[in-house]
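Below: one structure, written as structure tokens.
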Amino acid sequence: MPHVDLLYAKLQKKDIDSVHIRGSIQQFQQDIQKIRNSLHSLVDQCSEGGSQPKRQRSLSPEVHEGIAAEVCDTILRHTLERFSFTDHLVSATLLQADRFEQYTMAFPEDALSRTLKAYPVLDGSKLKTELSLIYCKEEFRACCGALDLLQLFIENSLEEVFSETVTLLKILVTTPMTTAEAERCFSTLERIKTFLRNSMTQERLNALAMLSIEKRLVTEMTDFNQKVIEKFASQKERRAKFVFK
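Sequential numbering from 1 applies to the sequence shown in UniProt numbering.
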């Protein structure tokens with residue numbers, strides 16, 4: 001069903017906000033309800049359009065319509081249950097490092113207010129002060145997501161200094177969400193699982209898989225290309241000479 005894929009793609013956007021979420025979910029529900037209301041005509045078209053098989057079908061058009069209606073009702077019911085609480089999706093935008101520079105010019109007041117409404121345990125004024133400081137510091141902009149930022153606070157013993165931010169981070173990293181960050185982490189996990197399950201012993205494929213999995217480490221090594229060239233040139237199993245004295 002393309003409507004499910006379309007909703008999923010919309011909720012993967014990094015610049016997600018409460019209006020965008022609410023509009024996307026409402027549009028999805030309207031599309032499914034429209035399909036639900038037109039099932040009778042769709043079943044009639046399918047019954048009249050195709051050639052009749054030699055053997056009579058075991059299920060009548062009425063049964064097919066009933067099954068399709070049940071599927072649509074199930075989708076609508078689960079949509080209401082799954083997206084009854086979406087404020088955590090907006091809360092995650094407060095700690096997206098690639099938006100910190102933007103937030104220094106215009107603080108995300110709406111996202112903060114929805115976060116405080118969703119998690120009243122947080123101290124709003126202290127959280128705003130901490131976030132304002134985080135947005136201004138260059139070292140925080142290098143973090144790749146909520147988990148990376150939380151690890152930075154823990155490793156540098158900043159839990160007490162940024163107590164409210166750490167509390168929010170702990171909530172976000174333990175809450176299932178359909179964001180681009182979560183999808184990237186899931187894809188990396190799938191690549192690792194596929195790599196471990198793979199029985200092929202081709203060194204080139206294994207090396208490419210390792211580069212894909214550890215691409216962040218590769219990009220952080222400024223002299224990586226130079227090391228690869230030196231390693232390649234120093235190998236003895238080469239007909240051509242690449243090292244000259």
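All C-beta atoms, glycine included, are put in the ideal place defined by N, C-alpha and C.
Proximity winner among 135, 112 and 134, relative to residue 124 (alpha-carbon distances): Taking the sequence shown and counting its residues from 1, one reaches residue 124 at position 124. Among 135, 112 and 134, the Cα nearest to that of residue 124 is on 112.
Do residue 122 and residue 168 come within 8 angstroms of each other at the CB atom, strictly closer than that value? Here residue 168 corresponds to residue number 168 of the sequence shown, with the count starting at 1. Here residue 122 corresponds to residue number 122 of the sequence shown, with the count starting at 1. Yes, these two residues count as a Cβ contact at 8 angstroms.
C-alpha distance - residue 154 paired with residue 27, whole-angstrom precision: The residue you call residue 154 lines up with position 154 of the sequence shown. The residue you call residue 27 lines up with position 27 of the sequence shown. Whole-angstrom Cα-Cα distance: 41 angstroms.
How about residue 150 and residue 161: are their beta carbons less than 8 angstroms apart? Stepping through the sequence shown from its first residue, residue 150 is reached at position 150. Stepping through the sequence shown from its first residue, residue 161 is reached at position 161. No, they are not a contact pair.
When you compare only the Cα positions, how much space is there between residue 35 and residue 89? As a position in the sequence shown, residue 35 is number 35, starting the count at 1. As a position in the sequence shown, residue 89 is number 89, starting the count at 1. Straight-line Cα distance between these residues: approximately 28 angstroms.
Endpoints, the alpha helix (DSSP H) within which residue 103 is located: For the purposes of this step, residue 103 is taken as residue 103 along the sequence shown, with counting starting at 1. 100-105 is the extent of the alpha helix (DSSP H) around residue 103.
DSSP state of residue 145, grouped into three classes? For this step, residue 145 is matched to residue 145 along the sequence shown. DSSP places residue 145 in coil when its eight states are reduced to three.
Whole angstroms are fine: how far does the CA of residue 74 sit from the CA of residue 10? In the sequence shown, the residue the question calls residue 10 occupies position 10. In the sequence shown, the residue the question calls residue 74 occupies position 74. Residue 10 and residue 74: Cα-Cα distance of roughly 21 angstroms.
C-beta neighbour in chain C for residue 169, strict 8 angstroms: In the displayed structure, chain C is absent; only one protein chain is listed.
Does the Cβ of residue 143 have 16 or more other Cβ atoms within 10 Å, making it buried, or fewer, making it exposed? The residue labelled residue 143 in the question sits at position 143 within the sequence shown. Under this definition residue 143 is a buried residue.
Just the Cα atoms here: how many angstroms apart are residue 156 and residue 82? Residue mapping note: residue 156 aligns to position 156 of the sequence shown, counting from 1. Residue mapping note: residue 82 aligns to position 82 of the sequence shown, counting from 1. Approximately 37 angstroms between the Cα atoms of the pair.
Can you tell which of 141, 172, 38 and 215 has the C-alpha that lies nearest to the C-alpha of residue 98? Counting from 1 along the sequence shown, the entry for residue 98 is found at position 98. Out of 141, 172, 38 and 215, 141 has the C-alpha closest to the C-alpha of residue 98.
Buried or exposed: which applies to residue 100, given that a residue is buried once 16 or more other Cβ atoms fall within 10 Å of its Cβ? If you number the sequence shown from 1, residue 100 lands on position 100. Result: buried.
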